[in-house]
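Each residue of the sequence shown is one higher than the last, beginning at 1 in my numbering.
Glycine residues also receive a C-beta, built at the ideal position from the N, C-alpha and C atoms.
Contents: one structure, followed by commentary.
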Amino acid sequence: MRSVLLVEDDFFDTMTAQKAFERFSVPHKLYTAFNGIEALDLLLGRNDVEPIRPLPEVILLDLNMPKMNGHEFLAELRSMPEFSQIPVFITTTSGMDVDRLNAQNLGVSGYILKPLDFETSSNMVDSMNLLEQLLK
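Below, the structure is given as structure tokens:
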């Protein structure tokens, strides 16, 4: 089954994405991790976690997380050849140029400022259209 990995420490943002996948019948399974360590566990199948297979088509990655932040996760991900080609889109509230530059240096596919708004109907459609474009 095709899948997306959402790495996000904000419970509300995670629940919002899960509900949107259900509501719009997105034909991808949504895996979630609350930090970079949990995301690596899902990709590598370590710490008694079943690995995501096939690999996710897209990773939506928050930058500011505890334990292992988005930059640290991305550096680790890009150092492993088996995961280096997975498209990663940064989703963050940070509009700081230094964050954008650091992410670009680690080969991100895109940079999306949050919130991804699935709450109002017009914003929900816009956000889902964005997601569809990411999954093409």
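Residue i - DSSP class collapsed to helix/strand/coil
| i | result |
| --- | --- |
| valine 58 | strand |
| valine 98 | helix |
| leucine 5 | strand |
| isoleucine 52 | coil |
| serine 127 | Low local confidence applies: a pLDDT of 49 at serine 127 is under 50, so the model's placement there is unreliable, with the coordinate-based value given in what follows. In the structure shown, serine 127 sits in a helix (DSSP, three-state: H, G or I). |
| glycine 110 | strand |
| threonine 93 | coil |
| phenylalanine 21 | helix |
Residues that residue i bridges to, as DSSP identifies them
| i | result |
| --- | --- |
| valine 88 | Ile59 |
| leucine 74 | According to DSSP, which records beta bridges pairwise, leucine 74 is partnered with nothing at all. |
Beta-carbon proximity of residue i to residue j, cut-off 8 Å
| i | j | result |
| --- | --- | --- |
| leucine 60 | valine 7 | yes |
| histidine 28 | valine 49 | no |
Contact belief for residue i with residue j at Cβ below 8 Å, rounded distance in angstroms
| i | j | result |
| --- | --- | --- |
| phenylalanine 34 | aspartate 9 | 5 Å |
Own chain, CB closer than 7 Å to residue i, minus 5 neighbours either side, in chain order
| i | result |
| --- | --- |
| valine 125 | Unreliable positioning characterises valine 125 in this predicted model, as indicated by a pLDDT of 44, which lies under 50. A coordinate reading is not provided. |
| serine 109 | Pro87, Val88, Phe89 |
8 Å Cβ shell around residue i - same chain, five flanking residues per side excluded
| i | result |
| --- | --- |
| glutamine 18 | Leu30, Thr32 |
Chain D within 8 Å of residue i, Cβ atoms only
| i | result |
| --- | --- |
| glycine 110 | No chain D appears in this structure, which consists of one protein chain only. |
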